[in-house]
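Numbering (the numbering used here), first residue to last: 1326 to 2118.
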Amino acid sequence: MQSERSNAHRVLHHFLSEDRHFLLRSDLLDGFEALCASEGGEVLRHTALAAVLQISQEAALDAQWFCLALRPRIGRWRYLRIHLETMEAEDIPVSEFLRFKERLVEGSEPAEWTLEVDLEPFSREFFKPTETRSIGRGVEFLNRRLSSRLFEEKGKGQQRMLDFLSMHAYRGRALMLNGRITSVSDLRRALRSADRLLAQHEPDTPWDRLQSELVTLGFEAGWGCDAARIRDSMQLLLDILEAPSPDALETFLGRIPMIFSLAILSPHGWFGQSQVLGRPDTGGQVVYILDQVRALEKEMTQRLSEQGLDIKPDIVVVTRLIPEAEGTSCDQRLESIAGTEYARILRVPFREPSGEVVPQWISRFEIWPWLEQFALDAERELLAELGGRPDLVIGNYSDGNLVATLLAQRLGVTQCNIAHALEKTKYLYSDLYWRENEAQYHFSAQFTADLIAMNTADFIITSTYQEIAGTDESVGQYESYAAYTLPDLYRVVYGIDPFDPKFNIVSPGADPDVYFPAADRERRLVHLQDEIGELIDGRETAEDIRGVLADPGKPLLFTMARMDRIKNITGLVEWYARDPELRQAANLLVISGHVDPGRSDDAEERDQIERMHTLMDEHGLDGEVRWLGRHLEKDLAGELYRVVADRRGAFVQPALFEAFGLTVVEAMSSGLPTFATCFGGPLEIIEDGVSGFHIDPNHGEEAARRMAGFFARCHEEPAYWDRLSAGALERVAARYTWKRYAERMMTLSRVYGFWRYVTDLERSETRRYLEMFYALQYRPLADAVRSGGTLGR
Ligand code: UDP
Ligand code: LCN
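Structure representation (structure tokens):
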């Protein structure tokens, strides 16, 4: 016991001597490892404290206390306080832990009445899974858990199902049931009669020919396009009324015609179909939404037609209109979306309180003061455009999700959120040191908006599991909102629970018409290949090109991303520059930002551009690196990945953190071996060594070694390249396709609509609480962005 105490003393005082108030998991583990490796340190490995450190996510300490946030398993937290003299440890509540951190940041005791946000009481009565493997499979869980419960009380569930089916209509025309069926026994009887009737018809008899008889029985259009499908839907319902199974319920609900129109919100950035990708704040989210819309329109059309309805889906993407459009279409109010029949972009300007339209582009970090007015204007224009309310509102990123909240609340429709990337985990201590970041990033408004929107959403779509709940070692993006503090503003003791069944993993894909395997010779865009050859091997530089490859015969290491700090393009250039073997083995092709810093109006981008030039100068890279400061059109980009594959090259995604990483999926869909960051989505997309490679951006030297090793091995053993290429193709085909995405999304929206109707998932008390939080906390924070001030002391 005594030695346990003295060992703990030794370890904790070692950390104390570092004179830091906050330690990350990596600091704790690395520091502990170093101590164990030091003289007489081996014994420390077998102490109780060693086991505690293994599950620690972070520590906060002063001269008296050592506080630890423990994460014994994914999504589950405990907080421990150890007295640095007595070594006595005790569990403390989360609020105590957060208060301690606040004291360390502020240098004084936090005010007694600091606002504490606690959403736990609102969800106490809801069912939630407890197994970590159930995280992100919300709809499966709800179906399993609620279907039996719903029908437990005799007759109650059946009656609710009847009520639900009776309310469907499209523009005043009843669907599914008409007024003739008024009770569950009527419904059962009518279903049996219909079944007998349908059995007498050929399976392919269309609805039109069956309509008059079925209407007499109480049924309206929506059950199916022909006798076989109508019968099948009716039998499914009979089974559900008898004894519901989760699968039957999901299949049946998936068929109900209830989603005809969608509003997709994506206010920030440059939302357009050409000349926008690669601009600041304009990347994967735009690509994602345009591909999503195309896939959803197809899926909606197919489902409506299978149900025998001649109704066209209606999809509007609502974004911001930017009068100073810099040659893009962002100043156009309406734009139809290529590859769809009915979908369009509707642009609504930001307006000042005076009513004046804001002319210039505004960074995503600064748009907060304009969103409320935007939501009101967007609502008006959307209602006119759709001729009524949308059936589902889908928000994107923090701003779009907040506007989706405001719209869904006002219109009373189902809300779905998609984060794409939450900023909180991208920037170290962005919550704790929010004030230091306020002038540049305004995280206080953003994190407040996030918290509100994720709690009002009926369901949340994520691209990966780790986006919700991280890994055994790292915290998920959503999980980071479970408990946090913005010192002197408010403290969140229960913000969101990664186990909440509103979370569903539905991964995106890459447009199969644009990103297909290099080996698919017949589909190749041969007409673009000269242009691409010139881009890569051209003997000239230009205003937007730096570097001419001295030996174009070498394979290419290719990277393409917005020139954000977090994308770490300059990091990759530095790793490359410092590894002679890699430089020998491959040329580096970089498509990112601008070459001329004067052409950028984004501070972070300009900074990175300057760094690129410094690196190229310092390391003499002009003969081995080709840097194109261009925004490539989709087809050109698609063919470029394939040309790099033809030359037996590889793609690199070196980001410090990547929420998902569409370029990774694009490269893999082209059959290009891919090296991608181990922080974020790519960790899940790629299976290391099978369908690509993980690299650690914090250990660039090692990453460069790995790439050099890869090229060396491919040189010796060309089949190795083919193996990785095939592995990448298999992986995306199995997991990352838009077809699968659209099917899932359309099923989810119906199932959540159903549960929202038949249970108390509506969460109206939560909404009230969040409305108050919005008015009292979010609004002043957003206003402070406008006035350039900061809330708090
Ligand atoms: N992209 C592009 N040109 C560029 C930079 C990016 O076409 O100069 C495209 C890229 O092909 C991908 C998207 O923008 O489709 C970037 O998405 P990703 O998820 O990789 O990153 P994000 O920019 O969203 O953080
Ligand atoms: C935003 C990001 O930063 C990427 O990681 C995602 O791939 C993209 O959005 C699409 O969701």
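Glycine is no exception: its CB is placed at the ideal position from the N, C-alpha and C atoms.
- Task: Would you check whether the ligand UDP has a heavy atom nearer than 7 angstroms to the C-beta of I1916?
- Result: Here residue 1916 is taken as the residue at index 591 of the sequence shown, counted from 1. Relative to the ligand UDP, the nearest heavy atom lies less than 7 angstroms away from the CB of I1916.
- Query: What does a CB cutoff of less than 8 angstroms around Y1754 pick up in its chain, not counting 5 residues either side in sequence?
  - Reply: As a working note, residue 1754 is residue 429 in the sequence shown. Here the set comprises F1347.
- Task: Answer yes or no: the CB of F1985 versus the heavy atoms of the ligand SAH, is any distance below 7 angstroms?
- Result: With respect to the ligand SAH, the structure offers nothing, as its ligand set consists of the ligand UDP and the ligand LCN.
- Message: Which of the three DSSP states is assigned to Y1809 in this structure?
- Response: The sequence position of residue 1809 within the sequence shown is 484, counting from 1. Y1809: strand per DSSP, three-state reduction.
- Task: Confirm the yes/no value for this check: CB of H1593, any heavy atom of the ligand LCN, distance under 7 angstroms.
- Result: Position 268 of the sequence shown, counting from 1, holds the residue named residue 1593. Not under cutoff, so the answer is no.
- Message: What does the Cβ neighbour count give for Q1657, buried or exposed, with the cut at 16 atoms within 10 Å?
- Response: Translated into the one-based positions of the sequence shown, residue 1657 becomes position 332. Flag for Q1657 reads exposed.
- Task: Determine the direct distance from the alpha carbon of I1506 to that of L2101, and round the result to whole angstroms.
- Result: Taking the sequence shown and counting its residues from 1, the one referred to as residue 2101 is at position 776. Taking the sequence shown and counting its residues from 1, the one referred to as residue 1506 is at position 181. Roughly 48 angstroms separates the two Cα atoms.
- Task: Apply the 10 Å Cβ neighbour rule to S1805 and answer buried if 16 or more other Cβ atoms are within range, or exposed otherwise.
- Result: As a position in the sequence shown, residue 1805 is number 480, starting the count at 1. Buried is the call here.
- Does DSSP classify R2118 as helix, strand or coil? Translated into positions along the sequence shown, residue 2118 becomes position 793. Caution applies to R2118, whose pLDDT of 46 falls short of 50 and renders its modelled position unreliable; the value that the coordinates give is listed next. Residue state, collapsed to three classes: coil.
- Message: For L1727 and D1775, I'd like the C-alpha separation in whole angstroms.
- Response: Within the sequence shown, the letter at position 402 stands for residue 1727. Within the sequence shown, the letter at position 450 stands for residue 1775. Each residue's alpha carbon lies about 7 angstroms from the other.
- So does H1371 have its beta carbon nearer than 7 angstroms to some heavy atom of the ligand UDP? Here residue 1371 refers to the residue found at position 46 of the sequence shown. Outside the cutoff, so no.
- Task: Please go through the same chain and pick out, in chain order, the residues whose beta-carbon is closer than 7 angstroms to the beta-carbon of V1540, but skip the five residues on each side of it.
- Result: The residue you call residue 1540 lines up with position 215 of the sequence shown. Answer for V1540: N1503, listed in chain order.
- Message: Is G1725 a contact residue of the ligand LCN, with contact defined as CB to any heavy atom under 7 angstroms?
- Response: Position 400 of the sequence shown, counted from the start, is the residue given in the question as residue 1725. No, Cβ of G1725 sits at least 7 angstroms from all heavy atoms of the ligand LCN.
- Ordered along the chain, which non-local residues of its own chain (more than five positions away) have a Cβ less than 6 angstroms from that of T1653? For this step, residue 1653 is matched to residue 328 along the sequence shown. Same-chain partners within the cutoff: W1595, G1597, Q1600 and V1601.
- Item | Counted within 10 angstroms of its Cβ, other Cβ atoms place V1419 as buried (16 or more) or exposed | Along the sequence shown, read from residue 1 onward, the residue named residue 1419 stands at position 94. With 16 or more Cβ atoms within 10 Å of its Cβ, V1419 is classed as buried.
- Message: Looking at the ligand LCN, does it come within less than 7 angstroms of L1526, judged from the CB to the closest heavy atom?
- Response: The residue given as residue 1526 occupies position 201 in the sequence shown. Note on identity: in this sequence residue 1526 is His, with Leu being the wrong assignment. Result no, Cβ not under 7 angstroms from the ligand LCN.
- Distance, Cα to Cα, A2067 vs R1619? Position 742 of the sequence shown, counted from the first residue, corresponds to residue 2067. Position 294 of the sequence shown, counted from the first residue, corresponds to residue 1619. Looking at the two C-alpha atoms, the distance is approximately 9 angstroms.
- Task: May I ask you to check if the CB of V1612 is nearer than 7 angstroms to at least one heavy atom of the ligand UDP?
- Result: Position 287 of the sequence shown holds residue 1612. Indeed, a heavy atom of the ligand UDP lies less than 7 angstroms from the Cβ.
- Message: Quick check on G2113: does DSSP put it in helix, strand or coil?
- Response: Residue numbering aside, residue 2113 sits at position 788 when the sequence shown is read from its first letter. The answer is coil: DSSP assigns G2113 none of H, G, I, E or B.
- Task: If I'm right that W1402 touches A1808 with Cβ under 8 angstroms, what's the distance once you round it to whole angstroms?
- Result: Position 77 of the sequence shown, counted from the first residue, corresponds to residue 1402. Position 483 of the sequence shown, counted from the first residue, corresponds to residue 1808. With a Cβ gap of about 7 angstroms, W1402 and A1808 count as contacting.
- Message: Just verifying my parser: in three-state terms, what is the DSSP assignment at I1916?
- Response: Numbered from its first residue, the sequence shown carries residue 1916 at position 591. In this structure, I1916 counts as strand in the three-state DSSP scheme.
- Item | C-beta contact flag for V1968 and A1835 at 8 angstroms | The sequence position of residue 1968 within the sequence shown is 643, counting from 1. The sequence position of residue 1835 within the sequence shown is 510, counting from 1. Cβ atoms of V1968 and A1835: not closer than 8 angstroms.
- Item | Opening and closing residue of the alpha helix (DSSP H) in which Y2094 lies | For this step, residue 2094 is matched to residue 769 along the sequence shown. First-last of the alpha helix (DSSP H) with Y2094: S2089 to F2098.
- Item | Coil, strand or helix - Q1536 by DSSP | Here the question's residue 1536 lines up with position 211 in the sequence shown. Reduced to three states, the DSSP call for Q1536 is helix.
- Contact between the region 1919-1937 and the region 1832-1846 (3+ Cβ pairs under 8 angstroms): no
- Query: Does C1392 come within less than 8 angstroms of chain B when only Cβ atoms are used?
  - Reply: Absent from the structure is chain B; it holds one protein chain and no more.
- Query: What residue ranges within the region 1360-1418 form continuous alpha helix (DSSP H) runs of no fewer than 4 residues, ordered along the chain?
  - Reply: 1373-1379
- Helix, strand or coil for K2023 per DSSP? Counting from one through the sequence shown, the residue named residue 2023 turns up at place 698. Strictly speaking, residue 2023 in this sequence is Asn, with Lys absent from that position. The answer is coil: DSSP assigns N2023 none of H, G, I, E or B.
- For the beta strand (DSSP E) holding Q1740, just list the boundary residues, first then last. The sequence position of residue 1740 within the sequence shown is 415, counting from 1. Unbroken beta strand (DSSP E) run through Q1740: T1739 to I1743.
- From this set, I1870, R1955, A1499 and E1763, which residue's C-alpha is nearest V2110's C-alpha? Residue numbering aside, residue 2110 sits at position 785 when the sequence shown is read from its first letter. Closest by alpha carbon: E1763.
- Message: I need the straight-line Cα distance from T1530 to T1457, nearest angstrom please.
- Response: For the purposes of this step, residue 1530 is identified with residue 205 of the sequence shown, where counting begins at 1. For the purposes of this step, residue 1457 is identified with residue 132 of the sequence shown, where counting begins at 1. Cα to Cα, T1530 sits roughly 47 angstroms from T1457.
- Does the ligand LCN have a heavy atom nearer than 7 angstroms to the CB of A1808? Within the sequence shown, residue 1808 is the residue found at index 483, counting from 1. Because no heavy atom of the ligand LCN lies under 7 angstroms away, the Cβ of A1808 does not count as near it: no.
- Of the residues P1998, A1663 and P2022, which one's Cα is nearest the Cα of G2005? Residue mapping note: residue 2005 aligns to position 680 of the sequence shown, counting from 1. Ranked by Cα distance from G2005, the first of P1998, A1663 and P2022 is P2022.
- Pick helix, strand or coil for T1884, following the three-state DSSP scheme. Residue 1884 sits at position 559 when you count from the first residue of the sequence shown. In this structure, DSSP gives T1884 an extended state, which the three-state scheme calls strand.
- DSSP bridge partner residues for V1950 (one or two, in chain order): Here residue 1950 corresponds to residue number 625 of the sequence shown, with the count starting at 1. BP columns for V1950 point to L1913.
- Message: With a threshold of 6 angstroms on Cβ separation, who are the neighbours of N1332 within its own chain once the five nearest residues in sequence on each side are excluded?
- Response: Here residue 1332 refers to the residue found at position 7 when the sequence shown is read from its first residue. Closer than 6 angstroms at Cβ, skipping near neighbours: L1369 and T1372.
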